[in-house]
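In what follows, a single structure is set out as structure tokens and then discussed.
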Amino acid sequence: MDRIPILKLGDTLLVTVQVDMHDQLAVRLLDDLTNMISKIRARGVLIDISALDMVDSFIGRMIGDIAATSRILDAQAVVVGMQPAVAITLVELGMSLPGVRTALDVDQGMELLRESRDP
Amino acid sequence: MSPAIPDPNRPPIRVEIAANEDVVVVRQRAREQSQRAGFSLLETTKLVTAASELARNTLEHGGGGSAEIEVVTDGIRRGIRMTFVDEGPGIPDLEAALRDGFTTGGGLGLGLGGSRRLVSEFHIESTVGRGTRVQVIRWK
Amino acid sequence: MATSTHRILQVLQNSQVQLLADWVKALRSSGTSRTSSAISDPELQAQCQEFIALFAGAIAAGNLDDLDAAAWKPALELLAGVSRSRGRQGFSPSETAMFVLSFKEPLVAHLRRSFEGKDESGLFAEFWELSKLIDRLALYTTEIHQTAREEVIRRQGEEMLELSTPVIQLWDGILALPIIGTLDSSRTQVVMEALLQQVVATRSPIAILDITGVPTVDTLTAQHLLKTVAATRLMGAECIISGIRPQIAQTIVHLGVELTGVITKASLADAFRIALEKLGHKIGTGARS
């Protein structure tokens, strides 16, 4: 069964999406992340989608669900690296993902996570 | 729909949609055709996203079906035409389904209405108990 | 038809030098002054010579009907190259088509001569096939020419748009886009795309859209502005809109456009100050030297 790998960096979980995800893979990611956040009591989740050249409504919704679930489990999620064409298309689709925090890249994303922890 | 003549030099690409992975195949074929037709990155992204939405609908709501992707022309412009067909339950209230946020039984509300905004022309036919056919064209 | 290609092929092989001379002469006499000034004699000669060779090669493979066949590829590529350069040089579609079309006369003349004294019953059929082929090739050049022209026009349009709306880097991490003039739908989209590309390229977390120079805003434009703000946020940066004139503010409210969550400032200067603060900079007064 293929899964997207999740890396642990201290109490932050790092996910780099590099494949064209089919729906089941995305759902599995949500599952795996939820379990891992719980297991290691993660405080931050960073999802790098800079390699994704398409995000449709389902994947967009998954991203929203990941952010919401993380929050409930007391972890902060940040999505980084969305490509301009993908962002424009998502907005055109009607999804602006209000509950999802974003950053330009991994560096700025980690900075954001650090700030949210020690303001 | 504007008159759209298929490009005789590019045969239509057909993809059977029976499983999750097939939605990814549809995306890839749509991307290839779009790039070969000279569409920009943004145009390609919109087209591939629409293809993904419609392919998913065919699978999840239609119980599976097929997609056909072809390069067309109206004599002046070039375009990509995609047709999604299924023999599923059909959509009883098309108008409602095309409205944003509407869901037909656990499906995704944004699928049809949203993808309509990503293409130049959108045409849908559906008969309850017989199936659904969605055809879209994105002109360059 | 085996016999057909054989005869035309014979003509091409036996009379190549003469065919070339006749063709170039026909081109020069049918061409406009533009032809003579834009394309030198040696260049024209070389183009025609190469085409005849590739043309003969394709016909030798036996196929006069299907331009998609692999044998035709080299000839089509040459024609595409010729058409594109003609297109870029500003030739009309007809002038470009004349390159191939003017080959018809010398070809047919030589074909006719090759039938002299022999059974002429096959002449018309061969002439007809040849004529159809040349016409198709001419149409192909017209299509390529058109695409090349459109490409030039499109690029010029984009360059003009880019020049009229430069993206400026105000500071490390702060971009500014001063928009001047009316924003129509297509201009807005092009400009917004450029801004987003720059956000990625410069890794700037803040982009200031200054619309001081925009006299009016309609629903569509307002929606585009908001979409840009939303897209920027999804990418991980933030948009500040500055320079909203009182009339535009009224229009936006009147149109019922929601600006919740969008930072707006009266002037570019105010927006700049806020941006610096957000990035953790403090503006202090140092000792004057």
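Residue numbers (numbering that gives the first Met the number 0), protein chains in the order written: chain A, 0 to 118; chain B, 0 to 139; chain C, 0 to 288.
In this text, a Cβ means the ideal position worked out from N, Cα and C, and glycines have one as well.
How would you label residue i, buried or exposed, when you count the other beta carbons within 10 angstroms and need 16 or more for buried?
i	result
residue 48 (chain B)	buried
residue 93 (chain C)	exposed
residue 123 (chain C)	exposed
residue 33 (chain B)	buried
residue 133 (chain B)	buried
residue 159 (chain C)	exposed
residue 78 (chain B)	buried
residue 91 (chain A)	buried
residue 191 (chain C)	buried
residue 235 (chain C)	buried
residue 276 (chain C)	exposed
residue 125 (chain C)	buried
residue 127 (chain C)	exposed
residue 107 (chain A)	buried
residue 45 (chain C)	exposed
residue 65 (chain C)	exposed
residue 85 (chain B)	buried
residue 59 (chain B)	buried
residue 87 (chain B)	buried
residue 64 (chain B)	buried
residue 282 (chain C)	exposed
residue 22 (chain A)	buried
residue 70 (chain B)	buried
residue 82 (chain C)	buried
Which residues in chain A have a C-beta closer than 7 Å to the C-beta of residue i? List them in chain order.
i	result
residue 94 (chain B)	Simply none; closest approach about 17 Å.
residue 202 (chain C)	103 and 104
residue 23 (chain B)	19 and 21
residue 206 (chain C)	The contacting residues do not exist; residue 206 (chain C) stays about 11 Å from chain A at best.
residue 26 (chain B)	19 and 53
Rounded to whole angstroms, what's the CA-CA distance from residue i to residue j? Just pull it up for me.
i	j	result
residue 104 (chain C)	residue 7 (chain C)	13 Å
residue 111 (chain B)	residue 256 (chain C)	24 Å
residue 259 (chain C)	residue 265 (chain C)	16 Å
residue 91 (chain C)	residue 61 (chain C)	33 Å
residue 145 (chain C)	residue 36 (chain C)	22 Å
residue 41 (chain C)	residue 23 (chain C)	10 Å
residue 193 (chain C)	residue 166 (chain C)	8 Å
residue 105 (chain B)	residue 172 (chain C)	The predicted model places residue 105 (chain B) with a pLDDT of 40, which falls under 50 and marks its position as unreliable, so this point remains unresolved.
residue 15 (chain B)	residue 24 (chain B)	9 Å
residue 154 (chain C)	residue 52 (chain C)	35 Å
residue 15 (chain A)	residue 22 (chain B)	21 Å
residue 54 (chain C)	residue 74 (chain C)	6 Å
residue 169 (chain C)	residue 213 (chain C)	20 Å
residue 240 (chain C)	residue 38 (chain B)	31 Å
residue 7 (chain A)	residue 88 (chain C)	59 Å
residue 1 (chain A)	residue 131 (chain B)	32 Å
residue 81 (chain B)	residue 45 (chain A)	36 Å
residue 75 (chain A)	residue 6 (chain B)	50 Å
residue 19 (chain B)	residue 47 (chain C)	54 Å
residue 287 (chain C)	residue 147 (chain C)	59 Å
residue 115 (chain C)	residue 17 (chain C)	18 Å
residue 134 (chain C)	residue 225 (chain C)	52 Å
residue 115 (chain B)	residue 184 (chain C)	18 Å
residue 93 (chain B)	residue 56 (chain B)	14 Å
residue 152 (chain B)	residue 50 (chain B)	Outside the shown range of chain B (0 to 139) lies residue 152 (chain B), about which nothing can therefore be said.
Report the neighbours of residue i on chain B: residues whose CB is nearer than 9 Å to its CB, in chain order.
i	result
residue 17 (chain A)	Going along chain B, no residue has its Cβ under 9 Å from residue 17 (chain A), so there is no contact; the nearest lies around 14 Å.
Using a C-beta to C-beta distance shorter than 9 Å, which residues of chain A count as neighbours of residue i?
i	result
residue 89 (chain B)	The contacting residues do not exist; residue 89 (chain B) stays about 21 Å from chain A at best.
residue 74 (chain B)	The premise fails here: residue 74 (chain B) is roughly 28 Å from chain A at the closest Cβ pair, so nothing lies under 9 Å.
For residue i, which residues in chain A fall below 8 Å Cβ to Cβ?
i	result
residue 226 (chain C)	87, 90 and 91
residue 235 (chain C)	78, 79, 80, 81, 101, 102, 103, 104, 107 and 108
residue 230 (chain C)	83, 86, 87, 89 and 90
List, in chain order, every chain D residue whose beta-carbon is nearer than 8 Å to that of residue i.
i	result
residue 158 (chain C)	The chain labelled as chain D is not found among the protein chains of the depicted structure, namely A, B and C.
Which residues of chain B have a Cβ atom closer than 8 Å to the Cβ of residue i, listed in chain order?
i	result
residue 0 (chain A)	Near residue 0 (chain A) there are no residues of chain B at all, since even the closest Cβ is about 12 Å away, more than 8 Å.
Check each residue of the segment 38-63 of chain B: if its Cβ is closer than 7 Å to any Cβ of chain C, include it; give the result in chain order.
-> 41
Can you give me, in chain order, the residues of the segment 115-134 of chain B that have a beta carbon less than 8 Å from any beta carbon in chain A?
-> 116 and 117
Taking Cβ-Cβ distances below 9 Å as the criterion, which residues of the segment 76-104 of chain A are in contact with chain B?
-> 82, 83, 84, 85, 87, 88, 89, 91, 92, 93 and 94
May I ask you to list, following chain order, the residues of the segment 7-20 of chain B that have a beta carbon less than 8 Å from some beta carbon of chain A?
-> For the segment 7-20 of chain B, which is checked against every Cβ of chain A, the residues closer than 8 Å are 19 and 20.
Could you tell me which uninterrupted alpha helix (DSSP H) segments, each at least 4 residues in length, are contained entirely in the segment 198-266 of chain C, listed from first to last along the chain?
-> 218-234 and 245-253
Could you name the residues of the segment 165-198 of chain C whose beta carbon sits closer than 8 Å to any beta carbon of chain B, in the order they occur along the chain?
-> 192
Listed in chain order, which residues of the segment 59-76 of chain C have Cβ atoms closer than 7 Å to some Cβ of chain B?
-> 67
Could you give the uninterrupted runs of the beta strand (DSSP E) lying entirely in the segment 52-98 of chain B, keeping only those of 3 residues or more?
-> 64-72 and 77-85
In the segment 17-79 of chain A, which residue ranges form an unbroken beta strand (DSSP E) of at least 3 residues, counting only runs that do not cross its ends?
-> 43-47 and 75-79
List in chain order: all unbroken beta strand (DSSP E) runs of 3+ residues lying wholly within the segment 83-152 of chain C.
-> Entirely contained in the segment 83-152 of chain C, not one beta strand (DSSP E) run reaches 3 residues.
Alpha helix (DSSP H) runs contained entirely in the segment 17-47 of chain C, provided each spans 4 or more residues = 32-37
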